[in-house]
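Novice: Residue numbers (my numbering), protein chains in the order written: chain A, 1 to 226; chain B, 1001 to 1226. Backbone N, C-alpha and C fix where the C-beta goes; we use that ideal spot for every residue, glycine too. Here it is, the structure in full.
Protein chains: 2
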Amino acid sequence: MRGRRGLLIILSSPSGAGKSTLARRLREWDPEIQFSVSATTRAPRPGEVEGREYYFRDRATFQKMVEDREMLEHAEVFGNLYGSPKKSVVEALKQGIDVLFDIDWQGGQQIRNSLRAEDTVSIFVLPPSIAELERRLLTRGQDRGEVIDKRMARSRDEISHWAEYDYVLVNSDIDRATEEVRAIVTAERLKRSRQPGLIELVRDLNSEFEERSGEHAPAEDSPPNR
Amino acid sequence: MRGRRGLLIILSSPSGAGKSTLARRLREWDPEIQFSVSATTRAPRPGEVEGREYYFRDRATFQKMVEDREMLEHAEVFGNLYGSPKKSVVEALKQGIDVLFDIDWQGGQQIRNSLRAEDTVSIFVLPPSIAELERRLLTRGQDRGEVIDKRMARSRDEISHWAEYDYVLVNSDIDRATEEVRAIVTAERLKRSRQPGLIELVRDLNSEFEERSGEHAPAEDSPPNR
C-alpha cells in the first residue's frame, strides 16, 4: 500500500436497490475494508447484535456524543436518532484502512462536509425501475403494505439526490453491479493523488538509473521508443 | 451506454514496462475500444501494415497535415515525425466510442491540452525496478546493446513525467496490472459527469413513482430506511 491514506467510501441508494448486498460483497472481496457501524437510539430488532448492526444507545447518551462532536454525521429518522461515531473512522483512515459507509444522502452530505474531500468517494446505486424496487421490497416479506408505501416515498426522496455523488450505477444485475463497485474502489486506490508512496518508488528507480549509467557508452543512432 | 461521450484513454510508460501488452489486453476485454493509429515519416519495419501499426506518410504530407491543424499532437523523435490524426478521434468520442492512446508523455501533454479535459483519462505504468525494465528490453532481443542504452535514457526521461497522470500503477504482475487498467476504465465510465443519459433514466423513475402514488394510502408509522 506504500503509506496511502484510507478511502472513505460512501454508498447510498434507495431501499431495495441492492446497497446492502453490494456492501457485503465488497467486504467479501476485500475483508480489510472496514464497515462503519452506526449508533442508534432505536430498539434492536431480532437478530441484531450490539456493535455489529448498530451501537444501541439511549437518547441522552447519543445527544451527549453529538454535543461532544463525536459524531461524523447524525439524523433523526421516524423518531429515532442515527449517527456515525467519528473516532474509529478517522483512526482507520490514518492507518490506511478503507471505511465503507452504507448511508442515506443526508449522512453522505454531512460526511463529505466534515472530512477532507480527497479522502472520500461517493457511489449512488439506482434501481433499473420502480416496479423492480417495489418487487424487491415485497419479496423481503418483512414489511406490511403501508410500510412499503412509506419506504417508497422515502426512496423517491433518496433518488432525487443521485446527482450529488461521484459515481452512479444502475443495478440491473447484481453481479455486474458488484464488479462495478469493485472497479471504482480499485481505480480510486490507483489515483496518483492517493499514492504518496510513489515518490519514494520513483526515487529508487532513479537511483537504479544512476548506478547503471556508465556501464555502457551511449550510442549515436537508434530507433525511437514509440 | 445511454448517450455518453467517448473516453480518451492516455496510456504511457517507459519502453519495457508492459504498456503495449496492457493496451492489447484492454482491447481484447472490450473490442469496442478504438486504438488510435499514429502517422509517421519513418520507414515501415518488417511486418508493419499501413493503417494498423502506423499511417506511413512522407515528410511533406505530414507537415501539410500539421499546418492544416489535422494533428492532435506530433513530435520529432530521433529524426522522424510522429503524430495523431485528429478527425477520427473526435468523431469516435462524439459517437460514444472510447479511444486508447499508447503514447509518450509529450504526446499525452499535447492531447490533454487540445481536447476537453473531462473527456480524457491518463494512466502511467511504472516498472517495479530498472533491472526488470532492462531485462524485458533485452529479452525482446531485437535491439543491440547501444540501442538498449538509448532506450534506457529515454525511459528515465519518460518516468520523470509520472506525476502528470491521473492514475499510476506499478506493473509487477501483468495480470494484476491488466485488472487495474480495466478497473480504471470501468470506473471512469461510471462517473456521474460522464453519464448525461442518467437524467432521462431518473425522469423515467419519477414518472413511475407518479403513476404508482395513489394506489395505496400512506401509513402513519414505520421503521426507518437505514
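Is the shortest distance between the beta-carbon of residue 178 of chain A and the beta-carbons of chain D less than 8 angstroms?
Specialist: The chain labelled as chain D is not found among the protein chains of the depicted structure, namely A and B.
Novice: Comparing C-alpha positions only, which one of A:193, A:145, A:61, A:213 sits nearest to residue 306 of chain A?
Specialist: The displayed coordinates of chain A run from 1 to 226. Any statement about residue 306 of chain A would go beyond what the structure contains.
Novice: Hey, does residue 1167 of chain B have any beta-carbon neighbour from chain A nearer than 8 angstroms?
Specialist: yes
Novice: Tell me the rounded alpha-carbon separation between residue 1097 of chain B and residue 1088 of chain B.
Specialist: 11 angstroms
Novice: Is residue 1017 of chain B close to chain A, meaning its C-beta is less than 8 angstroms from at least one C-beta of that chain?
Specialist: Closer than 8 angstroms to the CB of residue 1017 of chain B there is not a single CB belonging to chain A.
Novice: 8 angstroms is my cut-off, CB to CB: does residue 1201 of chain B come that close to chain A?
Specialist: yes
Novice: At the level of alpha carbons, what is the spacing between residue 72 of chain A and residue 110 of chain A?
Specialist: 7 angstroms
Novice: Should the stretch 114-121 of chain A be regarded as contacting the stretch 145-155 of chain A, the criterion being three or more beta carbon pairs within less than 8 angstroms?
Specialist: No: fewer than three Cβ pairs fall under 8 angstroms.
Novice: Give the list of continuous beta strand (DSSP E) stretches no shorter than 3 residues that lie fully inside the stretch 1084-1115 of chain B.
Specialist: 1099-1102
Novice: Quick one: what's residue 35 of chain A bridged to in DSSP?
Specialist: Bridge partners of residue 35 of chain A: A:100.
Novice: Distance check for residue 1140 of chain B and residue 12 of chain A, CA to CA, integer angstroms please.
Specialist: Answer to the nearest angstrom: the Cα atoms are 49 angstroms apart.
Novice: Taking the Cβ atom as the reference point for each residue, do residue 1201 of chain B and residue 170 of chain A lie within a distance shorter than 8 angstroms?
Specialist: yes
Novice: Specify, as a first and last residue, the run of the beta strand (DSSP E) that residue 12 of chain A falls within.
Specialist: 8-12
Novice: If you measure from the beta carbon of residue 1089 of chain B to each beta carbon in chain A, is any gap under 8 angstroms?
Specialist: no
Novice: Evaluate contact between the stretch 1043-1057 of chain B and the stretch 1182-1194 of chain B, counting only Cβ atoms and requiring at least three cross-stretch pairs below 8 angstroms.
Specialist: no
Novice: For residue 1174 of chain B, collect the residues of the same chain with a Cβ closer than 7 angstroms to its Cβ; drop the 5 residues on either side in sequence, then sort them by chain order.
Specialist: 1018, 1021
Novice: What does residue 10 of chain A reach in chain B if we use C-beta pairs closer than 8 angstroms?
Specialist: Those do not exist, as residue 10 of chain A stays about 13 angstroms from chain B at its closest Cβ, beyond 8 angstroms.
Novice: Buried or exposed: which applies to residue 51 of chain A, given that a residue is buried once 16 or more other Cβ atoms fall within 10 Å of its Cβ?
Specialist: exposed
Novice: Using three-state DSSP, classify residue 1066 of chain B as helix, strand or coil.
Specialist: helix
Novice: Check whether chain A comes within 8 angstroms of residue 1021 of chain B, counting only Cβ atoms and requiring the distance to be less than that.
Specialist: With 8 angstroms as the cut-off, residue 1021 of chain B does not count as an interface residue toward chain A.
Novice: Could you give the DSSP three-state label for residue 1041 of chain B: helix, strand or coil?
Specialist: coil
Novice: Starting from residue 1124 of chain B, follow its DSSP beta bridges and name the residues at the other end.
Specialist: B:1012, B:1168
Novice: Determine whether the Cβ of residue 1208 of chain B lies closer than 8 angstroms to any Cβ atom of chain A.
Specialist: yes
Novice: Run through DSSP, which three-state label would residue 1208 of chain B get?
Specialist: helix
Novice: Under a Cβ-count criterion, where at least 16 other Cβ atoms within 10 Å of its own Cβ denotes burial, should residue 3 of chain A be classed as buried or exposed?
Specialist: exposed
Novice: Using the beta-carbon of each residue, which ones in chain A are nearer than 9 angstroms to residue 1013 of chain B?
Specialist: In chain order: nothing, as chain A lies at least about 10 angstroms away.
Novice: Please report the straight-line C-alpha distance between residue 189 of chain A and residue 7 of chain A, rounded to a whole angstrom.
Specialist: Straight-line Cα distance between these residues: approximately 8 angstroms.
Novice: Where residue 1206 of chain B and residue 156 of chain A are concerned, what is the direct C-alpha to C-alpha distance, given to the nearest angstrom?
Specialist: Rounded to the nearest angstrom, the two C-alpha atoms are 7 angstroms apart.
Novice: DSSP has residue 77 of chain A in a bridge; who is on the other side?
Specialist: A:80
Novice: With 7 angstroms as the C-beta to C-beta threshold (strictly closer), list the residues of the stretch 41-73 of chain A near chain B in chain order.
Specialist: Correct list: empty, as no residue qualifies.
Novice: What in chain B is Cβ-close to residue 186 of chain A, meaning under 7 angstroms?
Specialist: 1180, 1183
Novice: For a cutoff of 8 angstroms on Cβ pairs, would you count residue 163 of chain A as touching chain B?
Specialist: yes
Novice: Residues in the stretch 130-141 of chain A with C-beta within 8 angstroms of chain B's C-beta atoms, listed in sequence order?
Specialist: 130, 131, 134
Novice: Beta-carbon separation of residue 212 of chain A and residue 15 of chain A under 8 angstroms?
Specialist: no
Novice: Show which residues of chain B have a CB atom less than 8 angstroms away from the CB atom of residue 111 of chain A.
Specialist: Annotation: residue 111 of chain A has no Cβ neighbours in chain B at a cutoff of 8 angstroms; minimum Cβ distance is about 14 angstroms.
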